[in-house]
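>
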Amino acid sequence: MPELNLHWTDDQDLLAMFVLNRVSASARQGLEAHLSTCEQCRRAVQAEQLLVAGIKRAGREELKARLKERVALRRRFEVTWYQVAGAAAAIVVLVSIGIYNRWFTAGEKERAPLTVQEQHEVGKLNTPPDRSKLAEKGKEKGEAPAAGAGTSRPRRPEKGMATEALPAPVEAKSKRAAEPEVAPLQIAAAQAGKEAEALNKGTLKATTMWVEGTVLSHGIEDRAAPQLYAPLAGKKSAELRDRKNEAQALTGQKQRDFVGGKEKESIIVAQRSLPDLPVSRKARRQEKNTIETLFQRTSGRLHVTVYLDTLVSEPELQTARIMPIGEDSIILNLGSQRIGYKMPPGWRQVLAPETGKER
Amino acid sequence: MKSSLVFLNTDAKILDLIRRGDEEGLVMLYESNRRSIVAYVSQNSGTPDDAEDLLQESLVVLWERVRSGQFEYRARLSTFIYGVAKNMWSRRLARMRREAPSELDPEEHSDGALSPLDDLIECEESELVRRALERIGEQCKKLLKLFYWEELSMEEIAVQMGFANADTVKAKKYQCKKALETVLREVLERRGS
Chain A
767 MPELNLHWTD DQDLLAMFVL NRVSASARQG LEAHLSTCEQ CRRAVQAEQL LVAGIKRAGR
827 EELKARLKER VALRRRFEVT WYQVAGAAAA IVVLVSIGIY NRWFTAGEKE RAPLTVQEQH
887 EVGKLNTPPD RSKLAEKGKE KGEAPAAGAG TSRPRRPEKG MATEALPAPV EAKSKRAAEP
947 EVAPLQIAAA QAGKEAEALN KGTLKATTMW VEGTVLSHGI EDRAAPQLYA PLAGKKSAEL
1007 RDRKNEAQAL TGQKQRDFVG GKEKESIIVA QRSLPDLPVS RKARRQEKNT IETLFQRTSG
1067 RLHVTVYLDT LVSEPELQTA RIMPIGEDSI ILNLGSQRIG YKMPPGWRQV LAPETGKER
Chain B
27 MKSSLVFLNT DAKILDLIRR GDEEGLVMLY ESNRRSIVAY VSQNSGTPDD AEDLLQESLV
87 VLWERVRSGQ FEYRARLSTF IYGVAKNMWS RRLARMRREA PSELDPEEHS DGALSPLDDL
147 IECEESELVR RALERIGEQC KKLLKLFYWE ELSMEEIAVQ MGFANADTVK AKKYQCKKAL
207 ETVLREVLER RGS
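Rendered as structure tokens:
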């Protein structure tokens, strides 16, 4: 009769339970007692222990590796409080810089239009006015500034306007005082050119304001303005006609009651091609397809520079007309185009002649 | 009182995760205990890397105890981990001292602890098994690990691995164990030759 299970280690389950310490204390005692007398059983237990140790080791190593990986992954995406604080600080700084640029330095960065002389050379320029008109201008140049203008400070501009009113050079002021009543054509053109050049170089600072214009029509006749200006054109057609007759906006000439409400003043209308438009405005224009126009107030003149994709001819520029319509609108007739401007609140204060004067 | 309840609540959640085999519980413990373990090891001649390794091993101990049902909640889990890490670090320091050339005196090992040579042999043997495991197929490897390391019952393994019943697992386990022994024998024979 064959021996049946003389060695308990032949029972694989029992062997595993013994090695894993999952047998009761009393059973363990009995099994250990057998081991002391059975060499074969001891070897079986040792082999099982080695196997279990290796499997456990593998399990531990793999768990450690997975744990390490998960912790590393979590740390990679972890956002600490100081990272949040740093990002918030960076946003605050960037926003501050943006606000600073928009409110205080935008005007300085924009390139002023070409000088009269330069524009003339490239054929983009308003030609000087005729002598009869200059006679009127000469009279006005000798006039004293409006009461209180020397002491009044420019009012704070509305949002969206970039202003910087700085005193005009003393030399320029004294020159103005000594100007004859009727300025010769060449002198007027040269003065306008010098001023534009100074603006261009940044040596003469001006109160600047960008306004987006809308092409209302392509005829110079007084047609009903579409959409935005429709009510305006309808209600004020009579007024518009009257003002149109009055308005004179030729280069170097004085136009009555444009913004100041007191005196006639000198307005220089110039044009520049679209590629010259500052980048910041280009983006805006692409969004809205508007006519970007730069209004610059110096102590002596108001410069209006229109950025066009197709430049108008010299004669068309000569006959350019600009006129206010109501309190918040301006119409510019330039060549065959009729451009309407919805002016921001407070624009008259910003572009008033006093703004560009010495403080 | 309120804060200890919070701890109890957190510990209970972690233990529940571990019992269900979710390792996220260990990650949570890793993050909350890392600083204290690094501080302890750094103050006791160790480096931050030693501390990280020690923390991982302590967490593995906790995992094994909880999974095998041998864990008793007597103190906060952080206390348990700190205690395990401390003991392990003491043993590791003692082993390093023994391994130092100036201290290779046989009498130093008369306390019954394993000699460096025994350590090495044990380590090497279990490493051999670990490597052999890689050669018996994923299913066998997983089954043996669930049985010997995770100490799951045959029924639990059947559910987890999608076997029909405990008997099927038992038969499969027997096959896998034989396969492992065969690979091991081959490895040892190759080494011997």
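These protein sequences, in sequence, are chains A and B. Under this note's numbering, the residue at position 107 of the first sequence is numbered 873, and the numbers go up by one with no gaps. Under this note's numbering, the residue at position 63 of the second sequence is numbered 89, and the numbers go up by one with no gaps. Beta carbons: idealized from backbone N, C-alpha and C, even for Gly.
Taking DSSP as the reference, what is the three-state secondary structure of M975 (chain A)?
Per DSSP, reduced to three states, the secondary structure at M975 (chain A) is strand.
> If I follow the unbroken alpha helix (DSSP H) through V785 (chain A), where does it start and stop?
Here the alpha helix (DSSP H) through V785 (chain A) covers Q778 to V785.
> Can you say whether M122 (chain B) is buried or exposed, counting buried as having 16 or more other CB atoms within 10 angstroms of its CB?
exposed
> Could you tell me whether any Cβ in chain A is nearer than 8 Å to the Cβ of K168 (chain B)?
no
> Helix, strand or coil: which one does DSSP assign to A1086 (chain A)?
In this structure, A1086 (chain A) counts as coil in the three-state DSSP scheme.
> Please list the terminal residues of the continuous beta strand (DSSP E) segment that includes S862 (chain A).
No beta strand (DSSP E) contains S862 (chain A), which is instead part of the alpha helix (DSSP H) from W847 to Y866.
> Is there a Cβ from chain A that is less than 8 Å from the Cβ of E151 (chain B)?
yes
> Along the region 155-166 of chain B, where does the CB come closer than 7 Å to a CB of chain A? Name the residues.
V155, R156 and L159
> With 16 as the cutoff for other CB atoms within 10 Å, does L37 (chain B) come out buried or exposed?
According to the sequence as given, residue 37 (chain B) is Asp; it is not Leu. With 16 or more other Cβ atoms within 10 Å, it is buried.
> Answer with yes or no whether the minimum CB distance from W115 (chain B) to chain A is below 8 Å.
no
> Ignore the nearest five residues each way along the sequence and tell me which others in R922 (chain A)'s own chain have a CB closer than 6 Å to its CB.
In this prediction, R922 (chain A) has a pLDDT of 43, which is less than 50 and means its spatial position is unreliable; what the coordinates show is noted afterwards. Once the five neighbours on either side are set aside, R922 (chain A) has no close Cβ partner at all.
> Can you look up H800 (chain A) in the DSSP assignment and give me helix, strand or coil?
helix
> Hey, is E182 (chain B)'s beta-carbon within less than 8 Å of any beta-carbon in chain A?
no
> State the DSSP-derived secondary structure class of T980 (chain A), mapped to helix, strand or coil.
Strand at T980 (chain A).
> Answer yes or no: does any C-beta atom of chain A fall closer than 8 Å to that of E49 (chain B)?
Chain A, which has a Cβ nearer than 8 Å to the Cβ of E49 (chain B), makes this yes.
> Which one of A:I1057, A:A856 and A:E805 has the shortest CA to CA distance from T980 (chain A)?
A:I1057
> Can you tell me whether E798 (chain A) is buried or exposed, with buried defined as 16 or more other CB within 10 angstroms of its CB?
exposed
> Measure the C-alpha to C-alpha separation of R808 (chain A) and V785 (chain A) and round it to an integer number of angstroms.
11 Å
> Pull out every residue of the region 807-823 of chain A whose Cβ sits closer than 7 Å to any Cβ of chain B, in chain order.
Using a CB distance below 7 Å, the part of the region 807-823 of chain A facing chain B consists of L816, L817, V818, A819, G820, I821, K822 and R823, ordered along the chain.
> What would DSSP say about N70 (chain B), mapped onto helix, strand or coil?
coil
> Could you give the first and the last residue of the continuous alpha helix (DSSP H) run that contains V1116 (chain A)?
Membership of V1116 (chain A) in the alpha helix (DSSP H) is indicated by the continuous run W1113 to L1117.
> Can you list, in chain order, the residues of its chain with a C-beta nearer than 6 Å to that of G1101 (chain A)? Leave out the 5 residues immediately preceding and following it.
V1078 and E1082
> Keeping to the same chain, check which residues put their C-beta closer than 6 Å to that of R1047 (chain A); ignore five residues upstream and five downstream.
In its chain, beyond the 5 residues on either side, E1058 have a beta carbon closer than 6 Å to the beta carbon of R1047 (chain A).
> Taking D779 (chain A) as the reference, give the member of B:R211, B:R217 and B:V195 with the closest Cα.
The candidate whose alpha carbon is nearest that of D779 (chain A) is B:V195.
> Since I63 (chain B) and L80 (chain B) should fall inside the 8 Å C-beta cutoff, what is the C-beta to C-beta distance between them, to a whole number of angstroms?
6 Å
> Leaving aside the five residues before and after V209 (chain B) along the sequence, list all residues of the same chain whose C-beta is less than 7 Å from its C-beta, in chain order.
A158, R161 and I162
> Using the three-state DSSP reduction, which class does Q1037 (chain A) fall into: helix, strand or coil?
strand
> Where V155 (chain B) and Y848 (chain A) are concerned, what is the direct C-alpha to C-alpha distance, given to the nearest angstrom?
47 Å
> Please report whether the beta-carbon of E827 (chain A) lies at a distance below 8 Å from any beta-carbon of chain B.
yes
> Answer yes or no: does any C-beta atom of chain A fall closer than 8 Å to that of Q82 (chain B)?
At least one chain A Cβ lies under 8 Å of Q82 (chain B).
> Please identify, using Cβ separations under 7 Å, the residues of the region 42-70 of chain B that lie next to chain A, in order along the chain.
E49, L52, V53 and Y56
> If we ignore side chains and look at the alpha-carbon of each, how far apart do Q6 (chain B) and R832 (chain A) end up?
Because chain B here runs from 27 to 219, residue 6 (chain B) falls outside it and cannot be looked at.
> Within a Cβ cutoff of 7 Å, which residues of the same chain sit near Y56 (chain B), ignoring the five residues on either side of it in sequence?
L81 and L85
> So with Cβ pairs under 8 Å, would you call K834 (chain A) a contact of chain B?
yes
> Would L1040 (chain A) and D1094 (chain A) qualify as a contact pair, given that the criterion is a beta-carbon distance under 8 Å?
no
> Name the chain A residues whose beta carbon is nearer than 7 Å to that of E215 (chain B)?
Simply none; closest approach about 15 Å.
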